[in-house]
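Asks:
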Amino acid sequence: MDSIFDSTHHSKKFILQWIKIGRGLFIVITILLFLTSCAQPQWPPPPISPIELNTAKSIPAGEAIVFGRVNVIINEKPFVWDRFWWDKFHLYLLPDSSSEAIVYTLSDDGSFSWHLPPGNYTITSFKWFRGNNYLIRPVFASFSVPEQIESVYVGELVISFVQTGAAAYPQKTWKLPRAFPVMHTEDNYQQTLRQQRINMSGEKGEITKRLMRLEEKR
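Its first residue numbered 32, the sequence shown is counted upward by one per residue in our numbering.
1) Give the straight-line distance between the Cα atoms of phenylalanine 157 and leucine 207, rounded to the nearest whole angstrom.
2) Going by DSSP in three states, alanine 100 sits in which element: helix, strand or coil?
3) Which of the three DSSP states is assigned to valine 147 in this structure?
4) For tryptophan 159, count neighbouring Cβ atoms within 10 angstroms of its own Cβ and tell me buried if that reaches 16, exposed if not.
5) Quick check: glutamate 15 and tyrosine 152, are their CB atoms within less than 9 Å of each other?
6) Any idea what DSSP makes of threonine 216, helix, strand or coil?
7) Tell me the DSSP secondary structure of lysine 203 in three-state form.
8) Would you be able to state if there are at least three C-beta pairs under 8 Å between the segment 212 to 229 and the segment 237 to 249?
9) Go through its chain and collect everything with a Cβ distance to threonine 223's Cβ below 8 Å, but skip five positions before and after it.
10) I need the DSSP call for threonine 297, collapsed to helix, strand or coil.
11) Which residues share a DSSP beta bridge with arginine 244?
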């Protein structure tokens, strides 16, 4: 009888030990899963455009610095492009001398610095990606880059959306707005110059204004 009792006692003790180990493993796994779900994903930088000034080793001969901003407003607040794994905003810039548009991805507050040869250019449209969805809208904002000019300020293109969604969830998780945005241009030269801290080429560093013009609606 004693041997049977001892065997049963040891079996219960063995089972209880494994139950404790199992509980401990469950707690550890739960904590790891929680930390993994809360961890910020690695946010890749925006795709590099061939006209991006900040990544160019040097400005090609005959080209000018072109700077400005595309300010996307959502419910009266400027949108910040800092989660490229989720939100990407592509601009399509078409030179008059080409049939192929240049793709540029907005970052941060939408300020940009490009290097472009002389000519006429049109921002024809944009494509806003959010997760697996996207939104395409026409723009048709034109500007020119004169010859023998070092730097050109083309102004600020403001694209305003009204977006709706569940108040309990962050706005950046809402569905993309489907209505057409309201667009206009602004001259915020001094503010843009301070923010971008652009190093002007040449001795004088003169800047020419060639503000974008939106095509009038018919």
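Cβ coordinates follow ideal geometry from the N, Cα and C atoms, glycine included. As the structure is a computational prediction, the values presented were derived from the model and not from experiment.
Replies: Checking against the coordinates, here is how it stands:
1) 13 Å
2) Reading the sequence as shown, one finds arginine at residue 100 and not alanine. Strand.
3) Sequence check: residue 147 is leucine here, not valine. The answer is strand: DSSP assigns leucine 147 an E or B state.
4) buried
5) Given a span of 32 to 249 for the chain in the structure shown, any question on residue 15 remains unanswerable.
6) strand
7) helix
8) yes
9) Phe98, Gly99, Arg100, Ser142, Tyr184, Glu187
10) There is no way to answer for residue 297, as the model of the chain reaches only from 32 to 249.
11) Ser173
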